[in-house]
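Worksheet: one structure, shown below.
Given below as structure tokens:
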């Protein structure tokens, strides 16, 4: 058992994991440095709503500095860690470096194109605000281009939308795009009929939402079909190029492809020179540490924790938050010379929404879908948002959208036009 | 007197001028095509609040299509007019062209660097949402960089902000940046003291707000000084480069320069091959037409209307709106074979805000400043915003900001960091 007096803790990443470590270490007997590439904590579960013009970015992104304005031991820095030196116990940014006693790596995951990184340009993924704004612009521009063109074939290409991946993000995106096309834009276009839009959801497995119970997958599938989404199961994407998606079954001409098919830990994990799984995640001990370096913790989407039954945990925010709290407790215990029990995760259940009044909830002991699952989804997401005003305005936007079918943030900002 | 049955009207630009033409021609006996480079009408008077993180873009930008969803004779197109052919009576976009009986050019103005276009990169202006987001990111990043650096000289450079131009936009920007520095960010930074930030406002004339009465200029100057803004009158910028602004009096090291010093009509005006003034604006007849082509109207910031006393009109939204309404009336009269009287502008007065509880109001017959001018400013801006929900949320944001000094949209979105 070690005992470090007033240790220096460096946390890389201000997502759910990193933030929960920093919060629990606030005003405790340690110096915390939180480093993030952006200036905000992003509430990723609602990012798809930014991408589909439902919410303004500011309401799901909270300045990290503001969160820690009243703490005296947490310093926030905007920057990108380029190198980690385990021997020196230092992290290197462009220009400066910082020493640590404990390092918490919580950098999350990026998109996984499974070796086809060249698809990224045609099929952006959804991880950051920048991604969401890129996708929003792509979707809105497709409708505008369809309205402008005289060519029927081109028009249909602009009105075909394709989402790759049937996990929660893919399902939410497909449902939201279908709603925009069938409802929001219905009256706005004079020449095109936005309801001629096709939304395809391509999934390699034989069901969508594979982390949920099969019954809920069934129910989500029915809901998506009701919204007019064409769900293509057991279908693998073989090529994306020239505004075409080629699967093992057929080819679809489409100007808008969104990638929600898989995650891969951020490349910074390679700096740790440690064992990783096939998603690039660092394999951590029962204490969420690197097996060979007890000063380094890895948590959240970039960590692979294997429990006593050999199972790994999904890359969702409750896991990241719970791991962040555990690490903070572990550090605080060590400061006091106490031992911490190995980490255990208690499953808090799973929620996914398909669209207006449609969601699925899976708590293991109880499973349900439909309006009440959706109300629960609304409640949980408002509750976990940071900031009273953000909660209030997001709720207001949802109530407004519920009654009018209008989307709040239908903005094409960049002026790169054809 | 001509009489054209069901004429084709093309409006270029969905700003205050173009929008008011299209609105007044809605559901009338003509075919209207509204062409804009973006998909939204921008409420420019509040753009500085987006640039200073006070409001999210979506609440001051309203989709043009939605405005005309219930009209059957107005078609909206997202696109850029590249060429105007007065003989053929056609406008050319990339790819397609459209014929008109009447053309209304309402493309507005861009920044005027008076021959120093290379300054634009260092000193962006504020005209579009894209501009505003660029400036917002620049301002927020400057504080972040100041926090990160160890170098005192560099730190001060990041904490120096300079606004060129003492018109309403320049005054509003300078006031808002000072408020961010002195109030909003005060507690958020641990190492830098945001109150060490200097905000400079450089104006070539001997007073700010030159279109207002001198007494109000005085009062605005006092208010800015109270906010800590360093106003440099009778000072001319000679060079902007390498994070340095060189004036005829001194040199200031600053990483953040904002250009609000002058406007120039958009280059599309050159396509009209008509007489222009030194700001590049088309000189129009008493009917707001080109003198040599009665099928073409030019209105708003890209038009130079000279009244019977030889005066020109300022580039403000009430002028554009009034001119737009006039043109629509003119066209509707011609459809009915009626003659329209020459255009006259009735001055509706001038408002500018300096910051929280501080504004000036100039109606000619009455002038006042202070809290009541500010309340009037708030009321007028909420009233003229489009959309009930936008008004409600903007008002909510202002009330919230009034009591907490917090800014709603403190987002650094792009990940291009040092």
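Protein chains in written order, with my numbering: chain G, 1068 to 1485; chain W, 1068 to 1485. C-beta atoms are modelled at their ideal positions from N, C-alpha and C, and glycine is treated no differently.
Residue i burial status per 10 Å Cβ neighbour count (16 or more: buried)
i	result
residue 1273 of chain G	exposed
residue 1238 of chain W	buried
residue 1442 of chain G	exposed
residue 1431 of chain W	exposed
residue 1318 of chain G	exposed
residue 1377 of chain G	exposed
residue 1301 of chain G	exposed
residue 1220 of chain G	exposed
residue 1152 of chain W	exposed
residue 1180 of chain G	buried
residue 1195 of chain G	buried
residue 1398 of chain W	buried
residue 1438 of chain G	exposed
Min CB distance residue i to chain W below 7 Å
i	result
residue 1467 of chain G	yes
residue 1196 of chain G	yes
residue 1456 of chain G	yes
residue 1485 of chain G	Residue placement at residue 1485 of chain G cannot be trusted, given a pLDDT of 42 that sits under 50; what the coordinates show is reported in the next sentence. Judged by the 7 Å Cβ criterion, residue 1485 of chain G is in contact with chain W.
Sub-7 Å separation of residue i and residue j beta-carbons
i	j	result
residue 1158 of chain W	residue 1165 of chain W	yes
residue 1405 of chain G	residue 1280 of chain G	no
residue 1476 of chain W	residue 1120 of chain W	yes
residue 1268 of chain G	residue 1199 of chain G	no
residue 1109 of chain G	residue 1078 of chain G	no
residue 1283 of chain G	residue 1429 of chain G	yes
residue 1073 of chain G	residue 1097 of chain G	yes
residue 1347 of chain G	residue 1366 of chain G	no
residue 1226 of chain W	residue 1263 of chain W	yes
residue 1325 of chain G	residue 1230 of chain G	yes
residue 1254 of chain W	residue 1142 of chain G	no
residue 1481 of chain G	residue 1125 of chain W	no
residue 1169 of chain G	residue 1266 of chain G	no
Test: residue i CB closer than 7 Å to a CB of chain G
i	result
residue 1254 of chain W	yes
residue 1318 of chain W	no
residue 1323 of chain W	no
residue 1130 of chain W	yes
residue 1053 of chain W	Because chain W spans 1068 through 1485 in this model, residue 1053 of chain W falls outside it and cannot be assessed.
Under 8 Å from the C-beta of residue i: neighbouring residues of chain W
i	result
residue 1106 of chain G	1207, 1211, 1477, 1478, 1479
residue 1449 of chain G	In chain order: nothing, as chain W lies at least about 16 Å away.
residue 1163 of chain G	1215, 1217
residue 1402 of chain G	Within chain W, no residue comes near residue 1402 of chain G; the closest Cβ sits about 21 Å away, beyond 8 Å.
C-alpha distance - residue i paired with residue j, whole-angstrom precision
i	j	result
residue 1211 of chain G	residue 1244 of chain G	15 Å
residue 1465 of chain G	residue 1459 of chain W	14 Å
residue 1192 of chain G	residue 1174 of chain G	17 Å
residue 1092 of chain G	residue 1409 of chain G	19 Å
residue 1349 of chain W	residue 1258 of chain G	34 Å
residue 1322 of chain G	residue 1311 of chain G	7 Å
residue 1451 of chain W	residue 1316 of chain G	54 Å
residue 1358 of chain W	residue 1342 of chain W	9 Å
residue 1421 of chain W	residue 1276 of chain W	11 Å
residue 1383 of chain G	residue 1127 of chain G	17 Å
residue 1484 of chain G	residue 1201 of chain G	Residue confidence is low: residue 1484 of chain G scores 45 on pLDDT, short of 50, so the model does not pin down where it sits. Its coordinate-derived value is still stated next. Going from the Cα of residue 1484 of chain G to the Cα of residue 1201 of chain G covers about 14 Å.
residue 1402 of chain W	residue 1345 of chain W	35 Å
residue 1330 of chain W	residue 1233 of chain W	13 Å
residue 1419 of chain W	residue 1388 of chain G	47 Å
residue 1080 of chain W	residue 1468 of chain G	28 Å
residue 1132 of chain W	residue 1261 of chain G	13 Å
Contact set between residue i and chain G, taken where Cβ atoms lie within less than 7 Å
i	result
residue 1133 of chain W	1255
residue 1489 of chain W	Here chain W has residues from 1068 to 1485 only, and residue 1489 of chain W is not among them.
residue 1310 of chain W	Neighbours of residue 1310 of chain W on chain G: none; closest Cβ ~17 Å, over 7 Å.
Contact set between residue i and chain W, taken where Cβ atoms lie within less than 7 Å
i	result
residue 1136 of chain G	1254, 1255
Contact set between residue i and chain G, taken where Cβ atoms lie within less than 9 Å
i	result
residue 1200 of chain W	1480
Chain-ordered chain W contacts of residue i [CB-CB under 9 Å]
i	result
residue 1214 of chain G	1132, 1142, 1143, 1144, 1145
residue 1244 of chain G	Simply none; closest approach about 17 Å.
residue 1259 of chain G	Per Cβ cutoff of 9 Å: no residues; residue 1259 of chain G is ~11 Å from chain W at best.
Chain-ordered chain G contacts of residue i [CB-CB under 8 Å]
i	result
residue 1151 of chain W	None at all; the shortest Cβ gap to chain G is about 18 Å.
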